[in-house]
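When we follow the working numbering, the leftmost residue of the sequence shown carries the number 13, and every step to the right adds one. Even for Gly, the Cβ is constructed at its ideal location relative to N, Cα and C. Please read all numbers here as calculations on a predicted model, not as lab measurements. First up is the structure itself, then whatever we jot down about it.
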Amino acid sequence: MKSAEIRQAFLDYFARQGHAVVASSSLVPENDPTLLFTNAGMNQFKDVFLGRDKRDYSRATSSQRCVRAGGKHNDLENVGYTARHHTFFEMLGNFSFGDYFKRDAIRFAWEFLTGELGLPPEKLWVTVHVSDDEAADIWLKEMGVSADRFSRLDEDNFWQMGDTGPCGPSSEIFYDHGVDVPGGPPGSEDGELDRYIEIWNLVFMQYDRQDDGELKPLPKPSVDTGMGLERIAAVQQGVHSNYEIDLFQALLQAAARATGRDDLENKSLRVIADHIRSASFLITDGVVPSNEGRGYVLRRIIRRALRHGHQLGQEKPFFHTLVAALVEQMGDAYPELRREQARVEKALLAEEEQFGRTLAAGMKVLEAAMADLQGDELPGRVVFALYDTHGFPPDLTADVARERGLSVDMDGFDQEMQAQRERARGAGAFANDYSDRLNIEAVTDFSGYEKHQDQAEVEGLYRDGVAVDSLAAGETGMVLLKRTPFYAESGGQVGDRGVLAGGTGADAIRFNVEDTRKRGQAHIHVGTVSTGTLKVGDKVDAYVDVERRRAIMRHHSATHLLHAALRRVLGDHVQQKGSLVAPDYLRFDFAHGEALSAEQREEIETLVNRQILENAAVTTELMDMEAAKDAGAVALFGEKYDSEVRVLTMGRDGFSKELCGGTHVQRTGDIGLFKITLETSAAAGVRRIEAVTGEYALARVRHQEQALGEIAATLRSGPEQAAERVGAQTRRVRELEKEVERLKQKLASGAGGDLTADARDVQGVKVLATRVDGADAKTLRVTMDKVKDKLGSGVILLAAAEGDKVSLVAGVTKDLTDRVRAGDLMKHVAGQVGGKGGGRPDMAQGGGSDAAALPAALESAYRWVAEQL
């Protein structure tokens, strides 16, 4: 069976068993800051397992796209060199949320493998946890698995989400590749070798691990399973390596054509074939190459593929051409990949072109680092900075350094890399303590669309993530209300602030709400008790900070108008890539490949303000998702929607129509004024706009008027002429800078000729050690070259001092480097002026901080040269 056929057979089988077929979620985890990338099929159901989210189905199946290339699960360095490591893979899974448990999960797995796929039972090996007698009995007595192909394992067969929280035993199914492959059964001394390969893992979530380690039975035990599509495809197709399956063979052939190679076993081709999958799907899911976070991992993946392409001799852009082959293989299963093909190709081509520029830019940085080097070893932090910031390969850095007679501190580089990995691992891991994440099943009745204050009952109190009966004055904690007007942070809109008040007189209670957050479908009020004692069951009045809420609403509604204006001016390719709606400004990230022109920015601003002047009513309507899509509503990036959604329409003739659960103004005129304050790059292929509305926009305009007035006064002109005057001043400064540079060059040229007259004869060799006043490091190097040309043969040491700082450059003509080395001369002199230096035999640089010692140091150069000769 081909990979696509196995995928479909899996989904069809579980659909027949009553499972809802759920589409793969994005590789960017939704509302889950604990994960760098989606790395397992259960990720999109995590809140369901934790009891924070409810679905209209109790059993599900999916084929989930996953990436493991950063954070806790990072296989990047192994990819291409082993048979089964990948940055991108597909996880087939079936899930039960308090529905069926071990018996059905085991039966489904065995029936699918031996029935649907026709695998011989004698080729399968099953493991369970040592404590799981129930699972063992099902496998041995009901499924008829041979005791000779069954084993009990300890820690390898117990799964847990974190140090606390849901956990339970697991059962794994292995495929035996045969006696010709080295290795022993699972749990044996040779169990990690390649004969027995795990193909399916069944996790039985039946406990809730407490802080003290106690395992409490879950009220609704659940099932989470995962089977790698690539691994089961290798089994079905009778091959040992995942790279030999049909899907990878097609990609390897495309990579071979693009690089001019024909050896499909080549490890570099394997890297390229693997990386085109992860890079393309990450871009499809909204990640863009950058130097931080997910974008940094994506850039590493792309550049690793490009470096392997260079190793194969392909220096022209090629990687983006492989997207078509990937779409042919996986576009039917993932239609979003086919839809985004052109954008993915464009983004990859831009990265390839930038990588070419990176090589040139990296060389400039490296040259500067070597010029300022005090010593003959390039520090590991410099090598890492070149790699981490500029994408400059460390092996290339080492090659360049060797050509210059320098060594490289690779141990230091490795230490920096390890520290970076630890940072990434920490950022990508699940939170260890789930108690502070509040496992709340409650559903808060949100009344904030209609009102800013409401009466409510305290349903729960929490301190340090633990439920308590009361919070006393001065204590910080979290409050759960049955009903609240407070909006909880989501969809980019920040949470409300305000006050919870109850009681009277001496029994008065006041809780200052500093933030409102979501936990599942519950709104949690975070803050501090200022007076009284707040108890579970208390009746309180909830007051939202009205002025702050109104400012937030103005910015949120303006964000929708901005989005619609961007699509009208720039095109329908504009997609939201993130937003922040705060009381004092809005931030909106969107997919677009180039900076906005002044004309486009003005047109967008005008369109938004025109809709504000229309003062059209803002309407909301509840409808099901399909109806909303049919109505043309746009879904916002990062928002999580229920089956029934709120469709927000604003502006004349439905200027903006989007799905949104946030709070908004009643009429567009309530926004007042819209003013863009910033338009910049957020990442490659993503632009960012920041803007202000209402009183903040008015304050912005006033501030700009004041600044312009001060500039005009300084230039002794009116505000209307200020721009012209500034332009004239700038042009004059540039002309003067160019003149200064010409004079420096002239000084260096003249000094080069004049200085040779001061050269001394030292045992038949011309030696010059002198200072060039007013010169910087660049001028010293130019002067050095002039003196060398003039002398023809000799040893030169030039110095310049500014305050206490000393700059030094030494040079030795090629005919003398076997007797006198510039780097050694530099070390001798630099040490005397309180500094360091080094370099090649023919040229070296250095410096110091003791200008008073310079005359004696220069004079000592003649004696030092005499000793060398």
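- No Cβ-Cβ contact shorter than 8 Å links Ala603 with Phe667.
- Residue pairing of Gly517 in beta bridges, as defined by DSSP: absent, with no partner found.
- Cβ contact annotation for Gln880 (same chain, cutoff 7 Å, sequence separation greater than five): Arg831 and Val832, in chain order.
- Taking C-beta atoms under 8 Å as the contact rule, Asp188 and Trp137 qualify, at a distance of about 6 Å.
- For Tyr346, the secondary structure class from DSSP, reduced to helix, strand or coil, is coil.
- Annotated three-state conformation of Ser280 is helix, per DSSP.
- Only buried fits Val657, as 16 or more other CB atoms lie within 10 angstroms of its CB.
- With respect to Val807, Pro853 sits apart: the two C-beta atoms are not nearer than 8 Å.
- Between the stretch 256-274 and the stretch 303-312, the count of Cβ pairs shorter than 8 Å is below three; the stretches do not touch.
- By the Cβ rule, the stretch 265-280 does not count as touching the stretch 154-163, because fewer than three pairs are nearer than 8 Å.
- When C-alpha distances from Gly110 are compared across Ala148, Gln76, Phe57 and Gly127, the shortest belongs to Phe57.
- By the C-beta criterion, the stretch 346-365 is judged to be in contact with the stretch 278-296, since at least 3 inter-stretch pairs fall below 8 Å.
- Comparing alpha carbon positions, the residue from Phe101, Val33, Asp426 and Glu42 closest to Asp68 is Val33.
- Secondary-structure assignment with DSSP links Pro178 through a beta bridge to Asp220.
- Beyond the five residues adjoining it in sequence on each side, Val193 comes within less than 6 Å, by CB distance, of Asp206 and Arg207 in the same chain, given in chain order.
- Spanning the alpha carbons of Leu755 and Thr791 requires a straight line of approximately 11 Å.
- The residues Ser15, Ile18 and Ile257, in chain order, have a CB closer than 6 Å to that of Ala245 in the same chain once the five nearest residues on each side in sequence are set aside.
- With fewer than 16 other CB atoms across the displayed protein chains lying within 10 angstroms of its CB, Gln430 is exposed.
- Around the beta carbon of Leu690, fewer than 16 other beta carbons lie within 10 angstroms, which makes this residue exposed.
- Going by DSSP, Leu205 is part of no alpha helix (DSSP H) at all; its letter is neither H nor E.
- Here the alpha carbon of Lys839 sits roughly 9 Å from the alpha carbon of Gln857.
- In terms of Cβ geometry, Leu483 and Arg475 form a close pair [threshold 8 Å].
- Scanning its chain for C-beta atoms nearer than 8 Å, with the 5 sequence neighbours on each side dropped, one finds around Tyr597 the residues His567, Thr689, Glu702, Ala703, Val704 and Tyr708, in chain order.
- Between the C-alpha atoms of Leu473 and Gly177 there is a straight-line separation of about 20 Å.
- It is roughly 56 Å from the alpha-carbon of Trp151 to the alpha-carbon of Phe523.
- Here the C-alpha atom of Asp421 lies approximately 6 Å from the C-alpha atom of Leu390.
- Judged by DSSP secondary structure, Met838 falls within the alpha helix (DSSP H) whose first and last residues are Ala834 to Gln844.
- In the structure shown, Met103 falls within a strand segment according to DSSP collapsed to helix, strand and coil.
- Linking Gly721 to Val738 through their CA atoms gives a straight-line distance of about 13 Å.
- With a 10 Å radius around the Cβ and a threshold of 16 neighbouring Cβ atoms, Val455 comes out exposed.
- Runs of the beta strand (DSSP E) lying entirely within the stretch 530-609 and spanning at least 3 residues, in chain order: 534-543, 551-556, 588-593 and 598-603.
- In the displayed model, Val395 falls within a helix according to three-state DSSP.
- For Leu318, the closest alpha carbon among the candidates Lys641, Glu363 and Ala35 is that of Glu363.
- Here His676 is near Ser569, since their CB atoms are less than 8 Å apart.
- By alpha-carbon distance to Ser609, the top candidate from Leu281, Val841, Val581 and Gln623 is Val581.
- Going by DSSP, Pro229 is part of the beta strand (DSSP E) stretching over Leu227 to Gly240.
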